[in-house]
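The structure appears below as structure tokens.
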Amino acid sequence: MLSESVGKKSNKVRNTVEKGAVKKFAEAVGDLQTIYIDEKVGKNSRYKTNIAPPTFPRVFDFGIIEGFKLPSVGLIHGEQHYHYERPLLVGEEVQCYSEVHSYVEKTGSFGKMGFLSIKQYGEDINGELIFSSEQIIIVPEAVARGLGI
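Using the UniProt record's numbering, you'd call the opening residue of the sequence shown number 1 and step up by one each time.
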């Protein structure tokens, strides 16, 4: 099932970088940089507005990949990283989508494990890439059996 999903993408979903959401997110992660929350600092910055913390896209809706559903328990978060072309600006609209990038299986001391890569993208309203991220999800053997893999 997972190997067959490689290359599938979701439709683009429009998200807004809302000022209140950025403030709540910054507070929740304990990163209260003034560029995120102080409007005066944002207006006087080179961006002329506040920006969002680097991991803020975690709150975005990236759409649903048709025919691709993971279980809600038993998976392991392996890693996640972000790449930015430029910061997310407070108030801007971002079109987001996700793609099943790859799936490989490896056998180790804990048995067979799958490594699933999901890539996510955020573009401005003109279709220019703002950021991309990659999330590695580890699928333990017991979970894979439950999925029929």
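The beta carbon of each residue, even a glycine, is placed where N, CA and C say it ideally should be.
Uninterrupted alpha helix (DSSP H) stretches at least 4 residues long and entirely within the stretch 26-93 occur at 34-37, 39-43, given in chain order. If you draw a straight line from the Cα of Glu-93 to the Cα of Ile-137, it is about 28 Å long. For Glu-4, the enclosing alpha helix (DSSP H) has its first and last residue at 2-5. The straight-line gap separating the alpha-carbon atoms of Phe-60 and Asn-15 is approximately 6 Å. Excluding five sequence positions before and after Phe-25, the CB atoms of its chain that fall closer than 7 Å to its own CB belong to Pro-53, Phe-56, Val-59, given in chain order. Cβ-Cβ distances below 7 Å link Ser-45 to Ile-35 in the same chain, with the five nearest sequence neighbours on each side left out; the list follows chain order. The C-alpha of Tyr-121 is placed about 25 Å away from the C-alpha of Gly-42. In the three-state reduction of the DSSP assignment, Glu-18 falls in the coil class.
Looking at the DSSP output, Ile-137 shares a beta bridge with His-77, Leu-116. At a Cβ-Cβ threshold of 8 Å, Gly-74 and Leu-2 do not count as neighbours. DSSP places Lys-9 in the strand class (E or B) of the three-state scheme.
Here DSSP, grouped into helix, strand and coil, assigns Gly-146 to helix. If you compare the alpha carbons of Tyr-97, Leu-147, Ala-142 with that of Asn-11, the shortest gap goes to Tyr-97. Residue environment: Phe-62 is assigned as buried (16 or more neighbouring CB atoms within 10 Å of its CB, all protein chains considered). Sixteen is the threshold: since fewer than 16 other Cβ atoms of the shown chains lie within 10 Å of the Cβ of Ile-64, the residue is exposed.
Around the beta carbon of Val-22, 16 or more other beta carbons sit within 10 angstroms, so the residue counts as buried.
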